[in-house]
Structure formats: C-alpha cells, structure tokens
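Inspection log for the structure reproduced underneath, given as structure tokens.
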Amino acid sequence: NAGVMQNPRHLVRRRGQEARLRCSPMKGHSHVYWYRQLPEEGLKFMVYLQKENIIDESGMPKERFSAEFPKEGPSILRIQQVVRGDSAAYFCASSLEGGYTQYFGPGTRLTVL
Amino acid sequence: DQQVKQNSPSLSVQEGRISILNCDYTNSMFDYFLWYKKYPAEGPTFLISISSIKDKNEDGRFTVFLNKSAKHLSLHIVPSQPGDSAVYFCAAYAYNNNDMRFGAGTRLTVKP
Numbered sequence: 042n043a044g045v046m047q048n049p050r051h052l053v054r055r056r057g058q059e060a061r062l063r064c065s066p067m068k069g070h071s072h073v074y075w076y077r078q079l080p081e082e083g084l085k086f087m088v089y090l091q092k093e094n095i096i097d098e099s100g101m102p103k104e105r106f107s108a109e110f111p112k113e114g115p116s117i118l119r120i121q122q123v124v125r126g127d128s129a130a131y132f133c134a135s136s137l138e139g140g141y142t143q144y145f146g147p148g149t150r151l152t153v154l
Numbered sequence: 010d011q012q013v014k015q016n017s018p019s020l021s022v023q024e025g026r027i028s029i030l031n032c033d034y035t036n037s038m039f040d041y042f043l044w045y046k047k048y049p050a051e052g053p054t055f056l057i058s059i060s061s062i063k064d065k066n067e068d069g070r071f072t073v074f075l076n077k078s079a080k081h082l083s084l085h086i087v088p089s090q091p092g093d094s095a096v097y098f099c100a101a102y103a104y105n106n107n108d109m110r111f112g113a114g115t116r117l118t119v120k121p
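Right, dumping it as structure tokens:
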C-alpha cells in the first residue's frame with residue numbers, strides 16, 4: 042500500500058531551465074495538493090487539483106508555474122525558466138475526498154544554480 | 010499573509026519532561042486545526058487534530074488544546090522522548106474554501 046510518491050527527490054537546474062516535478066497520489070486518491078516550503082518558512086499552498094481539473098490555484102505564482110493532473114499518470118508541477126528564488130522543497134499531498142485529511146509525499150528539493 | 014503563526018522556531022526539552030508547542034491564528038473561520046510532524050528528508054505526517062467546536066483532544070502522549078477566544082492552540086507531549094525530535098507544523102483548515110494554512114514550524118529537540 043504505497044503512500045504518496047514524488048520524483049525526483051532532488052533536482053538541480055540552472056537558471057532559465059525548466060523543472061518538472063511529479064507526484065503519484067495514494068491509490069484511490071483523486072485529490073492532489075502542491076505546497077512549497079522555502080528555507081526557514083512553513084508550507085505554502087500552491088494549487089489543488091482533481092483529475093483533469095484545477096480546483097484552486099490561488100497560491101500559484103502567476104507566471105512560469107503550471108500544474109496538471111491528467112486522467113492517467115501522475116500530477117505534474119512545471120516551472121519554466123527557473124530562477125534562484127524557486128529553490129525550495131516542493132511537497133505534494135493527496136486525499137480521498139478533499140478536506141483536511143491529506144497525506145504528504147517525501148518532497149522534491151529543487152536547487153537552482 | 011500569515012494566518013497561522015508559530016513564534017518559537019525551536020524548543021529544547023529533557024527526555025521525560027513535557028514539551029509544549031504553541032500556535033496562534035488570526036482567521037476565526039477555521040474549522041479544524043492539525044499538527045504535523047516532519048523528520049528531515051521526509052514529508053509531514055499527520056499527528057493529531059482538533060475540531061473548532063472542541064477545546065481538547067488527546068491521543069496517547071499527545072494532547073492538543075484549543076482556546077478559541079484567544080485564537081491559540083498548543084500541543085503537549087508528555088513524557089517527551091528522543092524520537093519526538095522533529096519539526097512540528099501547526100495547520101488550520103477552512104471547509105468553505107478547502108483552504109489549509111501552515112505555520113512556519115517549531116524544531117523540537119528532546120535530549121536524553
């Protein structure tokens with residue numbers, strides 16, 4: 042009974058490159074959340090998705106960031122033209138029916154050189 | 010906008026004593042409050058929660074207290090164990106917009 046899986050666990054990109062972070066929710070879960078944790082800060086909500094739908098993207102930066110959760114396959118958080126300020130740990134969480142019962146993945150640590 | 014605040018970045022206690030972690034919030038519309046525990050290189054794991062209509066919830070060594078009038082909650086761990094050493098995040102959830110807000114975390118160190 043695998044938990045939430047994220048890959049890669051560590052990702053290094055140079056400024057201007059693209060970063061793709063993947064999240065496979067727990068089996069049977071159709072709700073996915075992405076959070077970002079900057080150094081010395083708490084987790085900040087970015088986006089909430091259900092299969093093929095973005096429900097709430099109020100925490101997403103307006104430019105360069107996008108997320109999807111296709112009918113088949115993992116959820117993807119995509120960051121275009123990365124900058125040093127994008128360096129952070131990105132956590133994905135999933136839930137069965139939405140709400141506060143969210144299960145977190147181990148995170149992807151993005152480093153932008 | 011910091012709707013959930015954990016003002017102590019770190020706390021150190023002796024094994025066997027009580028650990029008290031504090032959290033303040035500003036939005037009276039939150040319905041649930043949660044504590045997550047996070048070890049290095051792992052994601053947060055759920056520890057304990059409390060509904061906004063309760064003032065106390067206990068689970069083994071962990072008890073969460075909610076003071077709605079003060080918009081304050083606390084997590085008590087007693088007795089503290091070295092394995093409790095981790096970062097603890099306070100979170101608050103609102104049903105009406107499915108919104109979860111996290112505090113910045115408190116790093117607890119329990120010394121043997």
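Protein sequences, first through last, are from chains A and B.
Counting with my numbering, you get residues 42 to 154 for the letters of the first sequence.
Counting with my numbering, you get residues 10 to 121 for the letters of the second sequence.
Think of the CB as a built atom: it goes at the ideal place given N, C-alpha and C, for glycine as much as any other residue.
query: Partner residues on chain B for P49(A), Cβ-Cβ distance less than 8 Å; result: Those within 8 Å of P49(A) in chain B number zero; the least Cβ separation is about 13 Å.
query: Segment limits, beta strand (DSSP E) that includes H70(A); result: Note, H70(A): premise wrong, no beta strand (DSSP E); not H, not E.
query: Y104(B) (DSSP reduced to helix, strand or coil); result: helix
query: Three-way DSSP call (helix, strand, coil) for N68(B) in this model; result: Reading the sequence as shown, one finds Asp at residue 68(B) and not Asn. Note: D68(B) maps to strand in three-state DSSP.
query: Pairwise C-alpha distance: N76(B) and K65(B); result: 9 Å
query: Length of the line joining the Cα atoms of E81(A) and S21(B); result: 18 Å
query: Minimum C-alpha distance to P105(B) - residue among N36(B), G112(B), C32(B) and R26(B); result: The residue you asked about is not Pro; residue 105(B) is Asn in the sequence shown. The candidate whose alpha carbon is nearest that of N105(B) is N36(B).
query: Boundaries (first-last residue) of the beta strand (DSSP E) holding M101(A); result: Taken as a continuous stretch (DSSP letters only), M101(A) belongs to no beta strand (DSSP E), as it is neither H nor E.
query: Nearest-angstrom beta carbon gap, S28(B) and L43(B) [assumed within contact, 8 Å]; result: Going by Cβ atoms, the distance from L43(B) to S28(B) rounds to 17 Å, so no, they are not a contact pair.
query: Between the CA atoms of S135(A) and A108(A) - distance to the nearest angstrom; result: 14 Å
query: Rounded C-alpha distance that separates R125(A) from H81(B); result: 36 Å
query: Nonlocal neighbours in the same chain, by C-beta distance under 7 Å from G139(A), ignoring five residues either side; result: H72
query: Neighbour list for E113(A) in chain B, Cβ cutoff strictly below 9 Å; result: The premise fails here: E113(A) is roughly 24 Å from chain B at the closest Cβ pair, so nothing lies under 9 Å.
query: Bridge partners - M91(A), DSSP secondary structure assignment; result: Inspection of the sequence shows that residue 91(A) is occupied by Gln rather than by Met. The partner list for Q91(A) (beta bridge, DSSP) reads H72(A) and N94(A).
query: Chain A contacts from the region 29-44 of chain B (Cβ-Cβ distance under 7 Å); result: Y41 and L43
query: Chain A contact residues for Y102(B), given Cβ-Cβ distances below 8 Å; result: G140 and Y141
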